[in-house]
Amino acid sequence: MSILIDENTRLCTSGITGREGTFHSLRNREYGTQVVAGVTPGKGGQDVEGIPVFNTFHEAVAKEGANTAMIFVPPRFAADSILEAEDAGIELIICITEGIPAHDELRVYNTLKKNGRSRLIGPNCPGILSPGKASVGIIPASFFSQGNVGVVSRSGTLTYQIGNVLAQSGFGNSSIVGIGGDPVPGTDFIDVIGMFQEDDETELIVMCGEIGGDAEEQAADFIAEHVTKPVIGYIAGFTAPPGKTMGHAGAIVSGSKGTAAAKAEALEAKGVKVGRTPTQVAETAVSLLGK
Amino acid sequence: MDLLEYQGKQLFARHGVPVPTGQPARTVEDAVAAAEAVGYPCAIKAQVQIGGRGKLGGIKIANTRAEAEEHSRAILGMDIRGLTVHELWIEGASQIDAEYYASVVFDRSAKAPLVMLSTKGGMDIEQVADEDPDAIATLHVDPLLGFQDFQGRRLAYEAGVAADVVRPVGAMLAKLYDVFVSEEATLVEVNPLIITPEREVKALDAKVTLDGNALFRHADNADLRDLSAEDPQERMAKERGLTYVKLDGNIGVLANGAGLSMSTLDVVAEAGGRPANFLDAGGGSRADAITSAVEVILSDDKVKAVLFNIFGGITRCDEVAKGLIEAFKQINPSVPFVVRLDGTNGEEGRQLLAEASLPNVHTESTMDGAAAKVVELAKAA
Chain A
1 MSILIDENTR LCTSGITGRE GTFHSLRNRE YGTQVVAGVT PGKGGQDVEG IPVFNTFHEA
61 VAKEGANTAM IFVPPRFAAD SILEAEDAGI ELIICITEGI PAHDELRVYN TLKKNGRSRL
121 IGPNCPGILS PGKASVGIIP ASFFSQGNVG VVSRSGTLTY QIGNVLAQSG FGNSSIVGIG
181 GDPVPGTDFI DVIGMFQEDD ETELIVMCGE IGGDAEEQAA DFIAEHVTKP VIGYIAGFTA
241 PPGKTMGHAG AIVSGSKGTA AAKAEALEAK GVKVGRTPTQ VAETAVSLLG K
Chain B
1001 MDLLEYQGKQ LFARHGVPVP TGQPARTVED AVAAAEAVGY PCAIKAQVQI GGRGKLGGIK
1061 IANTRAEAEE HSRAILGMDI RGLTVHELWI EGASQIDAEY YASVVFDRSA KAPLVMLSTK
1121 GGMDIEQVAD EDPDAIATLH VDPLLGFQDF QGRRLAYEAG VAADVVRPVG AMLAKLYDVF
1181 VSEEATLVEV NPLIITPERE VKALDAKVTL DGNALFRHAD NADLRDLSAE DPQERMAKER
1241 GLTYVKLDGN IGVLANGAGL SMSTLDVVAE AGGRPANFLD AGGGSRADAI TSAVEVILSD
1301 DKVKAVLFNI FGGITRCDEV AKGLIEAFKQ INPSVPFVVR LDGTNGEEGR QLLAEASLPN
1361 VHTESTMDGA AAKVVELAKA A
């Protein structure tokens, strides 16, 4: 088992004819993901190395049965593309694009929530990898193997770093989910942690948070109430000064709110072990699962 | 992007939010001319992005031309909590019957705008929230529906504003919400929102934060950046398209990706060091970006040692190594470097560095090892 993506994923990439869109769609296909279509308005009828390109998501769904979308278009077009995918009936939308205006994200989030048909992962995320089954996005799949650790993270490279340390300790992954570093993520820690709790293959959950917002604090409460599997936390940004955006639009300590220390404390108060460094996360995993 | 008070007020005026009339000035002469145009008494206000400037002498009332000149001279160039005053705003002094607080904030947790109103204006609102949370009326707005008139009335009644200004205060909140949405702000705050003896509702201050990601839709606002408030290294990095935040330590840090960059600072701190900066070289760091980054890091003369922490995903370690070799050709740094290359093409990257045998460059294969080494080097320097 795995969560969100697997052998049944039928992927359609929005922006497939762009440089990044092409590169990563082909990498995802190489990994084994069924990349069944792409969308670029005005380029319908073309193909990208055999992947048919359509003018609209609606066509991609009707003709190729696409059920998952990957959004690779520039920020100013991304909200529109997500809403189009949702309107076409795509259930899972993964948005890699970074730099989408916050008010666009607000509008998209609330529209998807109201309609209740689609789940959005991201924006500003590296995507999802279910090792051995499917990869959607830009996670470098070669570092990860199939296993029993579920990882959910707000950051891309930090996920690779922690995943790599875990791999060196002998762990593989059920799924790795990047929820993104923006202020309004379509999917939060609690959603993904809830899925890992239900997933048979996942025996340990690792969540990588960072400064800003209160998603980690919400996760702490959720874990205490609903999660029986062991959870290890990691929070980046203990040394971040207040009022500064640390690379990710969502990574900012506002006044006294959203600090790493407060998040670590909230998680530890609910029994989640929090590693202070990526290495400590792996050591804790070893002590919990006994590799 | 944080606006200065007068820039916020100019935005307000475009959306029909009543503000005192005034003019900005960058010299004493211009300030006096502005005061003459506005009339006396007038308020001379330091334009800095920091709260509490009134208590620190950054706001003064002038009743005559001589006072206007005296106060402008005193305030221009003054230091307010580390920020130098480069600009003034001169506006007609207001008569105040009551001071309220109003704001629209981007509530990430609820994923909706939050509108707040309180009759305890003119003081630190975080303090009011701590000591007397019931004094602040709040409600969330459905961003798909927008702000409704009844919400303005409800907030006004719940906050307990004077009965005769319930409707005008409600209307003011609707206008502030309009500013928030139309200008794509993440914060619109008025403290104080005043009631004059004539029972007019006016914004006496303006704190506006605009979403930098939305500036492509607001060409006028893109020019409002307050260059004087920016740190020179931060400005240099921005011009080169790098994400850089200045910190106060002596270890220059470069990593790839926001999360790993933050994590690297933490690991350096954990090892007993003090990072001089946050620098995210980006997800697909190329050689020229690395050269630029080294220049920015070394332009801070407090830096005694530099750590490169790269975990290659999309970024290829051999590209990073090439960038570093190129940077050394151009710059010839005088401080030691510790370079950790792991992930995609890590082996090739380390090989390239070994062959180049750059002076004073140490390679490490783990993040912890690299942090320990750079801390040791910085302490020895």
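Protein chains in written order, with the working numbering: chain A, 1 to 291; chain B, 1001 to 1381. Virtual Cβ for every residue (Gly too), placed ideally from N, Cα, C.
Leaving out five residues before and five after residue i in sequence, what residues of the same chain have Cβ atoms less than 7 Å from its Cβ?
{"i": "B:Met1236", "result": "Val1296, Ser1299"}
{"i": "A:Glu49", "result": "Leu26"}
{"i": "A:Thr22", "result": "Ile16, Val48"}
{"i": "A:Ile223", "result": "Ile193, Val231, Lys270, Val272"}
{"i": "B:Ala1327", "result": "Ile1290, Thr1291, Val1294"}
Let's test the definition: count the other Cβ atoms within 10 Å of the Cβ of residue i and tell me whether it reaches 16, buried, or not, exposed.
{"i": "A:Thr157", "result": "buried"}
{"i": "B:Ala1110", "result": "exposed"}
{"i": "B:Asp1095", "result": "Checking the sequence, you will find Gln at residue 1095 of chain B rather than Asp. Flag for B:Gln1095 reads exposed."}
{"i": "A:Thr279", "result": "buried"}
{"i": "B:Leu1144", "result": "exposed"}
{"i": "A:Ile90", "result": "buried"}
{"i": "B:Gln1010", "result": "buried"}
Please identify the residue among the options whose C-alpha is closest to the C-alpha of residue i.
{"i": "B:Pro1197", "options": "B:Val1165, B:Lys1246, B:Ala1222", "result": "B:Val1165"}
{"i": "A:Gly137", "options": "A:Glu105, A:Thr13, A:Gly271", "result": "A:Thr13"}
{"i": "B:Phe1308", "options": "B:Gly1272, B:Thr1366, B:Gln1330", "result": "B:Thr1366"}
{"i": "B:Ser1292", "options": "B:Ala1171, B:Arg1240, B:Ile1251", "result": "B:Arg1240"}
{"i": "A:Gly145", "options": "A:Arg154, A:Ala102, A:Tyr160", "result": "Inspection of the sequence shows that residue 145 of chain A is occupied by Ser rather than by Gly. The candidate whose alpha carbon is nearest that of A:Ser145 is A:Tyr160."}
{"i": "B:Arg1274", "options": "B:Lys1302, B:Leu1260, B:Ile1290", "result": "B:Lys1302"}
{"i": "A:Gly18", "options": "A:Gly172, A:Thr40, A:Glu30", "result": "A:Thr40"}
{"i": "A:Ala251", "options": "A:Val231, A:Ala69, A:Pro75, A:Ile235", "result": "A:Ile235"}
{"i": "B:Ile1055", "options": "B:Ala1062, B:Asn1063, B:Thr1064, B:Lys1045", "result": "Note on residue identity: the sequence assigns Lys, not Ile, to residue 1055 of chain B. Ranking B:Ala1062, B:Asn1063, B:Thr1064, B:Lys1045 by Cα distance to B:Lys1055 puts B:Lys1045 first."}
{"i": "A:Ala69", "options": "A:Ile193, A:Ala85, A:Asn55", "result": "A:Ala85"}
{"i": "A:Pro75", "options": "A:Asn67, A:Asp104, A:His58", "result": "A:Asp104"}
{"i": "B:Gly1016", "options": "B:Ala1305, B:Asn1360, B:Ala1171, B:Leu1358", "result": "B:Ala1171"}
{"i": "B:Gly1155", "options": "B:Ser1118, B:Asp1132, B:Asp1130", "result": "According to the sequence as given, residue 1155 of chain B is Leu; it is not Gly. The shortest Cα separation from B:Leu1155 among B:Ser1118, B:Asp1132, B:Asp1130 belongs to B:Ser1118."}
{"i": "B:Asn1191", "options": "B:Pro1133, B:Gly1058, B:Glu1005", "result": "B:Glu1005"}
{"i": "A:Arg107", "options": "A:Gln46, A:Pro185, A:Val152", "result": "A:Pro185"}
{"i": "A:Gly212", "options": "A:Met195, A:Glu201, A:Pro126, A:Ser256", "result": "A:Ser256"}
{"i": "A:Thr284", "options": "A:Asp221, A:Ile205, A:Met246", "result": "A:Ile205"}
{"i": "B:Gly1343", "options": "A:Ser2, A:Gly275, A:Cys208, A:Phe143", "result": "A:Phe143"}
{"i": "B:Gln1388", "options": "B:Leu1224, B:Arg1225, B:Tyr1244", "result": "Residue 1388 of chain B is absent from the structure shown; chain B starts at 1001 and stops at 1381."}
{"i": "B:Ala1356", "options": "B:Leu1341, B:Thr1138, B:Lys1329", "result": "B:Lys1329"}
{"i": "B:Ala1380", "options": "B:Gly1346, B:Cys1317, B:Ile1251", "result": "B:Ile1251"}
Which same chain residues, not among the five before or five after residue i, have their C-beta less than 6 Å away from its C-beta?
{"i": "B:Ala1222", "result": "Leu1215"}
{"i": "A:Lys64", "result": "The sequence shown places Glu at residue 64 of chain A, not Lys. If we look at A:Glu64 and ignore the five residues flanking it on each side, its Cβ neighbours are Val36, Ala37."}
{"i": "B:Ala1321", "result": "Gly1349, Leu1352, Leu1353"}
{"i": "B:Ala1098", "result": "Ile1195"}
{"i": "B:Asp1211", "result": "Glu1184, Thr1186"}
{"i": "A:Pro123", "result": "Cys95, Thr97, Ile100, Gly180, Asp182"}
{"i": "B:Ser1103", "result": "Met1116, Glu1189"}
{"i": "B:Asp1107", "result": "Leu1114"}
{"i": "B:Val1375", "result": "Ala1271, Gly1272, Gly1273"}
{"i": "A:Ser287", "result": "none"}
{"i": "A:Ala60", "result": "Cys12, Ala37, Val39, Phe54, Ala66"}
Helix, strand or coil: which one does DSSP assign to residue i?
{"i": "B:Arg1340", "result": "strand"}
{"i": "A:Cys125", "result": "coil"}
{"i": "B:Gly1016", "result": "coil"}
{"i": "B:Thr1196", "result": "coil"}
{"i": "A:Ser130", "result": "strand"}
{"i": "A:Asp80", "result": "helix"}
{"i": "B:Phe1278", "result": "strand"}
{"i": "B:Pro1143", "result": "coil"}
{"i": "B:Asp1132", "result": "coil"}
{"i": "B:Thr1138", "result": "strand"}
{"i": "B:Leu1254", "result": "strand"}
{"i": "A:Thr228", "result": "coil"}
{"i": "B:Ala1381", "result": "coil"}
{"i": "B:His1362", "result": "strand"}
{"i": "A:Pro278", "result": "helix"}
{"i": "A:Leu293", "result": "One cannot answer for residue 293 of chain A here, as it falls past the ends of chain A, which runs 1 to 291."}
{"i": "B:Met1236", "result": "helix"}
{"i": "B:Leu1003", "result": "coil"}
Which residues in the same chain as residue i place their Cβ atom closer than 8 Å to its Cβ, once the five residues preceding and following it in sequence are excluded?
{"i": "B:Met1262", "result": "Phe1278"}
{"i": "B:Glu1270", "result": "Ala1371"}
Practice problem: Return the chain-ordered ranges of every alpha helix (DSSP H) run that is complete within the region 183-223 of chain A and spans a minimum of 4 residues. | Solution: Fully enclosed alpha helix (DSSP H) runs of 4 or longer: 189-198.
Quiz item: Where in the region 5-64 of chain A do unbroken runs of the alpha helix (DSSP H), each at least 4 residues long, occur, reported from the N-terminal end onward?
Solution: Qualifying alpha helix (DSSP H) stretches, in chain order: 19-31, 57-64.
Self-check item: Every unbroken beta strand (DSSP E) within the region 1030-1117 of chain B, with a cutoff of 3 residues, ordered by chain
Solution: When DSSP assignments are scanned along the region 1030-1117 of chain B, the uninterrupted stretches of beta strand (DSSP E) that are 3 or more residues long and fall wholly within it turn out to be 1042-1046, 1059-1062, 1088-1092, 1098-1107.
Quiz item: Which runs of the beta strand (DSSP E) fall wholly inside the region 1151-1216 of chain B and span at least 3 residues, in chain order?
Solution: Runs found: 1185-1195, 1201-1203, 1207-1210.
Quiz item: Of all the beta strand (DSSP E) runs that stay within the bounds of the region 1287-1314 of chain B, which reach a length of 3 or more residues?
Solution: Fully enclosed beta strand (DSSP E) runs of 3 or longer: 1305-1312.
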